[in-house]
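Following: one structure in structure tokens, then a few remarks.
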Amino acid sequence: MVQTSRADVVIVGGGIGGLGSALALARRGLRVRVLERAAEFGEIGFGLQLGPNATRILRSWGLLDEITERGVLPGRLVMRDALDGTELTHLDLADTERRYGAPYVVVHRSDLHAVLVRACEAAGVDLVTDTTVMDVEIGDDHAVAVSAGRRDSGRLVLGADGLHSLLRGRVHPDEPVSSDYVAYRGAIPMPAPGARITPEDVVVHVGPYCHLVQYPLRHGEMFNQIAVFRSPKAMAGEPDWGTPDELDAAFARTSEAVRAALPHLWRERWWRMYDREPIGTWTRGRLALTGDAAHPPLQYLAQGACQAIEDADTLATLAGEHDGAGDPDWDRVLADYTDQRTVRTARVQRTARTWGELWHCDGLFRAVRNALLIDRDPADYRYIDWLYGG
Ligand code: FAD
Numbered sequence: 000m001v002q003t004s005r006a007d008v009v010i011v012g013g014g015i016g017g018l019g020s021a022l023a024l025a026r027r028g029l030r031v032r033v034l035e036r037a038a039e040f041g042e043i044g045f046g047l048q049l050g051p052n053a054t055r056i057l058r059s060w061g062l063l064d065e066i067t068e069r070g071v072l073p074g075r076l077v078m079r080d081a082l083d084g085t086e087l088t089h090l091d092l093a094d095t096e097r098r099y100g101a102p103y104v105v106v107h108r109s110d111l112h113a114v115l116v117r118a119c120e121a122a123g124v125d126l127v128t129d130t131t132v133m134d135v136e137i138g139d140d141h142a143v144a145v146s147a148g149r150r151d152s153g154r155l156v157l158g159a160d161g162l163h164s165l166l167r168g169r170v171h172p173d174e175p176v177s178s179d180y181v182a183y184r185g186a187i188p189m190p191a192p193g194a195r196i197t198p199e200d201v202v203v204h205v206g207p208y209c210h211l212v213q214y215p216l217r218h219g220e221m222f223n224q225i226a227v228f229r230s231p232k233a234m235a236g237e238p239d240w241g242t243p244d245e246l247d248a249a250f251a252r253t254s255e256a257v258r259a260a261l262p263h264l265w266r267e268r269w270w271r272m273y274d275r276e277p278i279g280t281w282t283r284g285r286l287a288l289t290g291d292a293a294h295p296p297l298q299y300l301a302q303g304a305c306q307a308i309e310d311a312d313t314l315a316t317l318a319g320e321h322d323g324a325g326d327p328d329w330d331r332v333l334a335d336y337t338d339q340r341t342v343r344t345a346r347v348q349r350t351a352r353t354w355g356e357l358w359h360c361d362g363l364f365r366a367v368r369n370a371l372l373i374d375r376d377p378a379d380y381r382y383i384d385w386l387y388g389g
């Protein structure tokens, strides 16, 4: 017979969202277990941008110094036209510390992940690998994560199992929505002969149905590039979409500086881009969702992981506020969690889609966009205060 093992909180999925929640809740004195299906905790080797809304929280967890030591504090966020190379607008990132109380940091995903794993271990989180959760039994005052040979019962089970979340299906019946866009990535050592780069900035080159993002990693020892484009084969409903021939065709009209990035991308693997429609609740009984399982956005605002970190902070803060002698009133915690998080993350998801349309426009729309952006005052924060201010 399979024994049931207990914790206060059982978290399914050990990505940035799951580990962030594990750490935040363990710091509140709760016994937390993370179940991860992979053989070890880790992330694929490319970069991640962290806005001040996330770095402010990482600082409150005591992790920001270690993360910035491994990352880069870029000077500017720059937007360029991918066809003619014109600089359209920029944001001075030195302002983020002054205005939002925390820096803008770019970091290698595996570095951030390693910092979180170590902090979880130090906080006493039980980290379990090689465990694929196949079902969850939902009760009024507990839930049980069921995997081969294990039953893990918690007063709360938290689904942090990503975009294709199994646990989301127990809360809401929907599927990921394909954007028909695909991403190619490449984190390369520096110097990289032939690559045309600005080593101190985060630069996005926006073009018709395509864009390229570039930024430095690890003190400038590495350089991160992401090329994204709309796949004609996806739009035609063909199953084999996003192949390298489509990458080359999508960027054929772009400037020489943009095309110089293409040979430095990994061509053996690509990522099809999905999000989901926002939903009004992420909980059912003592099951709750977080991170991409709850609110996966398209990546255009660079906020998916940042929002998962915000979820973690909110959940742990509420667990502290509704604490009854070390045992939070989870019904109140989850009601407030839903109230405080669903509208904000829905705004992120919707804005990310709109942002994609603005980046990828062509013809007259592109000309109007460029004219408006060139006139933009770089000190105008009205479109980002809501996001970075939190
Ligand atoms: P995931 O990272 O998907 O983790 C889910 C974990 O659950 C995995 O470890 C998986 O193995 C595990 N798992 C799944 N199913 C099970 C199961 N049944 N049992 C046990 N374990 C399971 N965000 C930013 O903030 N800044 C950026 O710059 C940024 N850039 C991006 C660029 C691209 C191209 C893309 C695609 C996304 C980007 N994002 C960015 C978004 C960000 O990567 C995600 O939002 C974030 O990683 C989600 O974390 P998560 O922990 O919720 O999910």
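Per numbering that gives the first Met the number 0: the sequence shown = residues 0 to 389.
Using N, Cα and C, we set each Cβ at its ideal position, and we do this for glycine too.
Of the residues assessed, residue 248 falls on the exposed side of the cut-off, its CB having fewer than 16 other CB atoms within 10 angstroms.
Around the beta carbon of residue 382, fewer than 16 other beta carbons lie within 10 angstroms, which makes this residue exposed. The region 43–59 and the region 162–179 do not touch, with fewer than 3 CB-CB distances between them shorter than 8 Å. Note that the region 276–290 touches the region 302–321; at least 3 beta-carbon pairs, one per stretch, sit closer than 8 Å. As summarised for the region 139–189, the continuous beta strand (DSSP E) elements at least 3 residues long and confined to that stretch are 142–146, 149–158, 176–188, given in chain order.
Counting the other Cβ atoms within 10 Å of the Cβ of residue 206 gives 16 or more, which makes it buried.
Separation of residue 104 and residue 306 (C-alpha to C-alpha, rounded to the nearest whole angstrom) is 15 Å. At the C-beta level, residue 274 and residue 348 come within 7 Å of one another. At least one heavy atom of the ligand FAD lies less than 6 Å from the C-beta of residue 305. One thing to note: residue 203 has its Cβ no nearer than 7 Å to the Cβ of residue 214. When beta bridges are read from the DSSP output, residue 4 appears opposite 151. Assigned with DSSP and collapsed to three states, residue 257 falls in helix. By the beta-carbon neighbour count (other beta carbons within 10 angstroms, threshold 16), residue 210 is buried.
By the Cβ rule, the region 177–194 does not count as touching the region 135–151, because fewer than three pairs are nearer than 8 Å.
Around the Cβ of residue 245, a 10 Å sphere holds 16 or more other Cβ atoms; the residue is buried.
When only Cα atoms are considered, residue 123 and residue 68 end up about 24 Å apart. Within 6 Å of the C-beta of residue 309 there is not a single heavy atom belonging to the ligand FAD. In terms of CA proximity to residue 253, 82 leads the group 82, 64, 7. Boundaries of the beta strand (DSSP E) harbouring residue 80: 75–80, taken from the DSSP string. Distance from the CA atom of residue 380 to the CA atom of residue 143, rounded to whole angstroms, is 45 Å. Annotation: the region 297–375 contains the following complete segments of the alpha helix (DSSP H) (minimum length 4 residues), in chain order: 303–320, 329–358, 362–374. Ranked by how close their Cα comes to the Cα of residue 3, the residues 114, 135, 278, 43 have 135 in first place.
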